[in-house]
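Numbering-wise, the sequence shown is residues 11 to 480 according to the working numbering.
Working notes, beginning with the structure itself.
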Amino acid sequence: MTQYRTENPTTGEVVRTWDSLSSDAVTEAVAAAHEAYGSWRRTNVAARAAVLREAARLFDAKADALATLAATEMGKPLEQGLSEIQLSAQIFQYYADHAEELLADDVLPAQGALSSRVEKEPIGVLLGVMPWNFPFYQLVRFIAPNLLLGNTLLLKPASICAASALTVEELLLEAGLPANVYRTVLIDSGTVQDVIADARVQGISLTGSEGAGASVAEAAGKHLKKTVLELGGSDPFVVLGGDVDAIASYAAQARLANAGQACNSPKRMIVLTEHYDAFVEKLTAGFAAAVVGDPTDPATHVGPMSSADARDDLIEIVEDAVAKGATVRVGGHAATGNGVFMQPTVLTDVTRDMRAWSEELFGPVAVVYRAGDVDEAVQIANDTDFGLSGSVWSDDLELAAATARRLNVGMALVNEHGTSLAGLPFGGVGRSGFGRELGPYGVDEFVNKRLVRVAAASTGTSNDAPVTVA
11 MTQYRTENPT TGEVVRTWDS LSSDAVTEAV AAAHEAYGSW RRTNVAARAA
61 VLREAARLFD AKADALATLA ATEMGKPLEQ GLSEIQLSAQ IFQYYADHAE
111 ELLADDVLPA QGALSSRVEK EPIGVLLGVM PWNFPFYQLV RFIAPNLLLG
161 NTLLLKPASI CAASALTVEE LLLEAGLPAN VYRTVLIDSG TVQDVIADAR
211 VQGISLTGSE GAGASVAEAA GKHLKKTVLE LGGSDPFVVL GGDVDAIASY
261 AAQARLANAG QACNSPKRMI VLTEHYDAFV EKLTAGFAAA VVGDPTDPAT
311 HVGPMSSADA RDDLIEIVED AVAKGATVRV GGHAATGNGV FMQPTVLTDV
361 TRDMRAWSEE LFGPVAVVYR AGDVDEAVQI ANDTDFGLSG SVWSDDLELA
411 AATARRLNVG MALVNEHGTS LAGLPFGGVG RSGFGRELGP YGVDEFVNKR
461 LVRVAAASTG TSNDAPVTVA
């Protein structure tokens with residue numbers, strides 16, 4: 011049985027533990043969410059939006075406490091935690107402010123009838139399976155659009171972030187959400203399969219590893235349930251020109267944010283030959299200067315990794331690359347002292363026979379590749395099974411945009427990376443998953459797009475009947 015625990019990765023102190031729910035408690039939670047759906051779906055849109063608006067206010071009001079909780083649970087530096095809380099509040103606010111337009115009917119051409127339209131209706135109880143690296147934002151981007159729709163939600167958090175998830179539930183109740191419309195369920199992976207199999211559960215959203223995504227997708231497919239999967243990423247950061255020093259400084263900051271533990275972090279930096287040496291020098295300097303330490307210290311840039319296992323797995327990938335000929339420009343080892351820290355690391359000369367070429371580097375490690383021209387840069391960028399996001403950097407915006415469109419990703423960016431806004435869709439292709447969250451697209455996943463077509467009264471002649479194909 012999985013035990014949920016808050017273990018401070020800075021000190022190793024176990025702050026609190028929780029036992030997984032019993033089978034009976036899980037059954038009760040599903041039943042309660044199903045019962046709550048009957049009334050929540052009939053609650054008018056304005057009332058549902060009001061709950062989201064109040065949740066946004068509460069997130070803003072309690073930002074300091076929430077950021078401190080994230081620092082304690084998974085090691086996020088306070089400033090970065092505050093940014094995550096701000097984005098979470100903005101997501102709630104976005105869906106509250108745009109509720110009517112997002113849920114409005116799509117009016118179609120009548121096509122021989124008096125009217126044809128598509129209505130957006132909720133589908134029922136949903137299960138969210140969420141990770142630890144953004145313990146508030148990841149939850150909120152699942153919660154906000156689906157509560158607005160009228161679905162009810164069960165949320166399984168990562169085993170190291172129970173306190174964050176339970177706090178979100180408390181805030182939603184404080185915001186006026188009725189009981190059982192949203193519930194945190196502390197369950198293990200085997201119980202996830204049981205919840206998916208329950209006929210009352212209509213859809214599953216998972217953000218996590220490829221293995222977890224494949225397991226959930228298999229179970230959901232067996233029971234004909236809709237899924238949204240946001241999995242790993244190995245994002246390319248393609249440098250074609252421009253102010254290379256400034257771009258490299260940005261790359262260092264972006265890669266080291268959240269200790270490099272972000273699916274859409276720029277993990278593979280691909281630089282044209284004429285800019286390569288200057289870029290590597292500036293990037294390496296940025297990594298070397300980054301302050302690694304206590305996430306509650308305002309001077310800290312890079313906090314601890316989430317767990318010793320995560321750090322050790324990352325070091326194994328780095329050591330494999332070095333053993334096969336890669337060059338370590340800076341870092342390469344665990345940081346000394348207490349806590350689960352990793353030295354910010356820059357690798358060059360990585361080749362296809364190394365794990366670092368194909369595996370996701372989920373931590374403060376950047377790989378820099380040299381490309382002879384734009385075509386080679388695109389080829390390297392697309393030589394991956396992942397397809398979450400990617401960016402292209404250049405003063406030549408026409409070239410950069412054209413190159414970005416050649417990337418096999420769900421999110422192609424020019425002169426920025428990792429952008430996440432409430433009104434923009436988030437999601438990938440390939441082994442990075444499928445489906446979209448946020449923006450108008452966030453309400454288009456777990457929804458019944460019901461066609462309602464009204465024809466004139468029949469005259470009773472056979473010519474009135476439309477062609478039916480089945």
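Don't be surprised by glycine CBs; every beta carbon is placed ideally from N, CA and C.
Only a predicted model underlies this, so the values are computations on that prediction, with no experimental measurement involved.
Report buried or exposed for residue i, applying the criterion of at least 16 other Cβ atoms within 10 angstroms of its Cβ.
i      : result
Val36  : buried
Thr82  : buried
Phe144 : buried
Leu157 : buried
Pro308 : exposed
Val117 : exposed
Leu407 : exposed
Val200 : Residue identity differs from the one stated: residue 200 is Gly in this sequence, not Val. The residue in question, Gly200, is exposed, as its Cβ has fewer than 16 Cβ neighbours within 10 Å.
Lys459 : exposed
Glu240 : buried
Arg441 : buried
Thr471 : For Thr471, the predicted structure reports a pLDDT of 48, less than 50, and the residue's modelled location is therefore unreliable. A value from the coordinates is still provided. Exposed.
Leu216 : buried
Ser33  : exposed
Asn473 : Note that Asn473 scores 49 on pLDDT, short of 50, meaning its location in the model is unreliable; the coordinates nonetheless yield the value given after this. So Asn473 counts as exposed.
Gln103 : buried
Lys277 : buried
Ala75  : exposed
Glu110 : exposed
Thr413 : buried
Ala80  : buried
Pro141 : buried
Asn54  : exposed
Lys166 : buried
Lys27  : Strictly speaking, residue 27 in this sequence is Thr, with Lys absent from that position. Answer is exposed; the Cβ neighbour count stays below 16.
Glu228 : exposed
Gln13  : exposed
Arg415 : exposed
Glu455 : buried
Gly122 : exposed
His285 : buried
Leu124 : exposed
Pro305 : buried
Could you give the C-beta distance for residue i and residue j, rounded to a whole number, given that I count them as a contact under 8 Å?
i      : j      : result
Ala333 : Asp359 : With 8 Å as the limit, Ala333 and Asp359 do not qualify as a contact, their Cβ atoms being about 13 Å apart.
Ala106 : Arg63  : 4 Å
Val22  : Ser316 : According to the sequence provided, residue 22 is Gly. The question's Val does not apply to it. Not confirmed; about 13 Å, so no contact.
Ala175 : Ile280 : With 8 Å as the limit, Ala175 and Ile280 do not qualify as a contact, their Cβ atoms being about 37 Å apart.
Ala43  : Val139 : About 15 Å separates the two Cβ atoms, so there is no contact after all.
Gly251 : Asp405 : 6 Å
Ala345 : Val302 : 6 Å
Ser244 : Thr394 : 5 Å
Gly443 : Gly223 : 6 Å
Ile214 : Lys235 : 6 Å
Val424 : Ala411 : 5 Å
Ile170 : Ala432 : Their Cβ separation, rounded to whole angstroms, is 26 Å, which puts Ile170 and Ala432 out of contact at 8 Å.
Based on Cα-Cα distance, which residue from the options lies nearest to residue i?
i      : options                        : result
Arg193 : Leu398, Thr237, Val211, Leu163 : Leu163
Thr417 : Ala410, Ala366, Val139, Val388 : The residue asked about is misnamed: residue 417 is Leu in this sequence, not Thr. That would be Val388, whose Cα lies nearest to the Cα of Leu417.
Ala56  : Arg15, Leu187, Ala168, Glu45   : Leu187
Ala422 : Val24, Gly433, Gly443, Gly397  : Gly397
Ile327 : Glu369, Leu159, Ala288         : Glu369
Ala300 : Val375, Ile325, Ala288         : Val375
Asp287 : Val312, Val254, Pro305         : Val254
Ser399 : Leu196, Val191, Leu31, Val248  : Val248
Leu196 : Val419, Asp29, Phe456          : Asp29
Val356 : Leu434, Asp330, Ser401, Ala262 : Ala262
Phe289 : Asp322, Ser49, Ala381, Ala411  : Ala381
Ala230 : Pro246, Gly242, Arg210         : Arg210
Thr310 : Pro354, Gln212, Glu284         : Pro354
Thr20  : Arg321, Val424, Val419, Gly221 : Arg321
Ile133 : Ala168, Gly48, Ala331          : Gly48
Glu220 : Gly438, Phe152, Leu282         : Gly438
Problem set entry | alpha helix (DSSP H) runs wholly inside the region 158-231, at least 4 long, in chain order | Within the region 158-231, the runs of alpha helix (DSSP H) at least 4 residues long that lie entirely inside it are, in chain order, 172-184, 199-207.
Exercise. Is the number of C-beta pairs between the region 267-284 and the region 84-96 that are closer than 8 Å three or more?
Worked result: yes
For this session: Mind listing, in chain order, the continuous beta strand (DSSP E) runs of no fewer than 3 residues lying wholly within the region 23-59?
Result: 24-29
Exercise. Okay, do the region 133-150 and the region 94-108 touch, 3+ Cβ pairs below 8 Å being the bar?
Worked result: yes
Exercise. Is the region 254-265 close to the region 289-307, with three or more CB pairs under 8 Å?
Worked result: Output reads yes: the region 289-307 touches the region 254-265.
For this session: Decide yes or no for the touch test of the region 421-430 against the region 271-278: beta carbon pairs closer than 8 Å, at least 3 of them.
Result: yes
For this session: Evaluate contact between the region 127-136 and the region 449-464, counting only Cβ atoms and requiring at least three cross-stretch pairs below 8 Å.
Result: yes
Exercise. Can we say the region 202-211 touches the region 177-187, given the rule of at least three CB pairs closer than 8 Å?
Worked result: no
Exercise. Given 8 Å as the limit, is there contact between the region 316-329 and the region 344-356, that is, 3 or more CB pairs closer than that?
Worked result: yes
Problem set entry | alpha helix (DSSP H) runs wholly inside the region 363-396, at least 4 long, in chain order | As far as the region 363-396 is concerned, its whole alpha helix (DSSP H) runs of at least 4 residues are 365-368, 384-391.
Exercise. Which whole runs of the beta strand (DSSP E) in the region 257-315 are 3 residues long or more, in chain order?
Worked result: 276-282
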